[in-house]
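**Student:**
Numbering (this note's numbering), first residue to last: -11 to 320.
1) Which term fits residue 151, buried or exposed, when burial requires 16 or more other beta carbons within 10 angstroms of its beta carbon?
2) Per DSSP, which one or two residues make a beta bridge with residue 47?
3) Considering only residues of the same chain and omitting the five flanking positions on each side of residue 8, which have a CB-CB separation below 7 Å?
4) From the DSSP output, which residues share a beta bridge with residue 152?
5) Taking contact to mean at least 3 C-beta pairs separated by less than 8 Å, is the segment 32 to 41 in contact with the segment 5 to 21?
6) Please classify residue 50 as buried or exposed, where buried requires at least 16 other C-beta atoms within 10 Å of its C-beta.
7) Within the continuous alpha helix (DSSP H) that includes residue 227, where are the two ends?
8) Check each candidate in 126, 97, 102, 2 and name the one with the smallest Cα separation from residue 70.
9) Output needed for residue 126: all residues of its chain with C-beta closer than 7 Å, excluding positions within five of it in sequence on either side, in chain order.
10) If contacts are defined as beta-carbon pairs under 8 Å, then residue 325 and residue -1 qualify, I think. What distance do you get, rounded to the angstrom?
11) Do you know offhand how far residue 167's Cα is from residue 187's?
12) If we call anything under 7 Å between Cβ atoms a contact, is residue 312 one with residue 285?
13) Can you tell which of 250, 209, 178, 261 has the C-alpha that lies nearest to the C-alpha of residue 230?
14) From what residue to what residue does the alpha helix (DSSP H) around residue 132 run?
15) Can you have a look at residue 213 and say buried or exposed, based on whether 16 or more other CB atoms are within 10 angstroms of its CB?
16) Does DSSP put residue 201 in a helix, in a strand, or in coil?
17) Just to check my reading of the structure: residue 91 and residue 66 have Cβ atoms closer than 8 Å, yes? What is that Cβ distance to the nearest angstrom?
18) From the DSSP secondary-structure annotation, give me the bridge partner or partners of residue -4.
19) Which same chain residues end up closer than 7 Å to residue 303 when comparing Cβ atoms and leaving out the 5 residues on each side of it in sequence?
20) When you compare the CB positions of residue 54 and residue 22, do they come within less than 7 Å of one another, or not?
21) Over the uninterrupted beta strand (DSSP E) stretch that includes residue 286, give me the two end residues.
22) For residue 155 and residue 256, which I take to be in contact (beta-carbon distance under 8 Å), what is that distance rounded to the nearest angstrom?
23) Give the straight-line distance between the Cα atoms of residue 52 and residue 27, rounded to the nearest whole angstrom.
24) Check whether the Cβ atoms of residue 381 and residue 131 lie closer than 7 Å to each other.
25) Pick helix, strand or coil for residue 98, following the three-state DSSP scheme.
26) Would you grab the beta carbon distance between residue 101 and residue -8 for me? Rounded to a whole angstrom, and I think it's under 8 Å.
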């Protein structure tokens, strides 16, 4: 039998625990693969009581998760103090949240779990506990490096055959032009092409690369990044045999008919990539981290503090993240 998926608990004040509990309650109806939650036992019990979800929680490791999943929620216990205060972050829980991620990553790296699905975190709540990363993705890359140099982590948001990748991620928009380099674009597209083959089974992926400026610079009349950085990167990738086109104007590239021609679109900055995918699939898109030695997916939403503890949070994206992690690793 396949190993279970690992799920990190996420920010306790948010909706992560709500959705995990709700999905487990519907495990048979949804045909969910077994998963093991790395989280705080008493907190999960308290949140289940708050939501009125009748659930048996079994304190087990990943090796026992498959055996109990049919009748209980498997939880690999993370110690700490985690209050059940929906919508209100607490500094006392930060260390537990970080340890949950670390333990889930370790279990996936060692093969005890076959993929990692992360519940949303709130970075501001973690900073006092030593969290120094601009995002979840960068933290995972460091953990997977095991003390060595982290690989380039690449964020991809996916919904069906629509996939969008930002070259620069959590940086101010004014810094983007200075951060873009031929080397960064080339390495990002290499990672995307590699993982589309390895993780998604696409034998000959076709990738579009967006321009940075309006109309992809109009031949240098509206900026020179396309001529001096993006175009040379595309030429290098084509020389390497990667199926890539660009730089293409971003304002028309994401029109569904155009977008569907490609297996992925690589954009130059966060919102250029994420606005289109969130517009067409706000509740159903999945965040996938490429370039790691493990499969990692997550829902395409944040902590949603206003919905925490109410039972009204949509499980659609989290469900899609579980299903994608399952599909990406079902063949081992």
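Where is the CB? At the ideal position from N, CA and C, for every residue including glycine.
Predicted model only: the values in this text are computed from it and were never measured.
**Tutor:** In this structure, then:
1) Here residue 151 is buried: its Cβ has 16 or more other Cβ atoms, across all protein chains shown, within 10 Å.
2) Looking at the DSSP output, residue 47 sits in a beta bridge with 63.
3) -5, 25, 107
4) 145, 253
5) Result yes; three or more Cβ-Cβ pairs closer than 8 Å.
6) With 16 or more other CB atoms across the displayed protein chains lying within 10 angstroms of its CB, residue 50 is buried.
7) 219 to 227
8) Here the closest residue by C-alpha is 2.
9) 141
10) This structure does not reach residue 325, given that the chain is present from -11 up to 320, and the question cannot be answered.
11) 28 Å
12) yes
13) 178
14) 124 to 133
15) buried
16) coil
17) Indeed they touch by this definition, with Cβ atoms about 6 Å apart.
18) 26, 106
19) 7, 10, 11
20) yes
21) For residue 286, the uninterrupted beta strand (DSSP E) segment begins and ends at 284 to 287.
22) 5 Å
23) Answer to the nearest angstrom: the Cα atoms are 16 Å apart.
24) Nothing can be reported for residue 381: it is not among the residues displayed for the chain, which extend from -11 to 320.
25) coil
26) 6 Å
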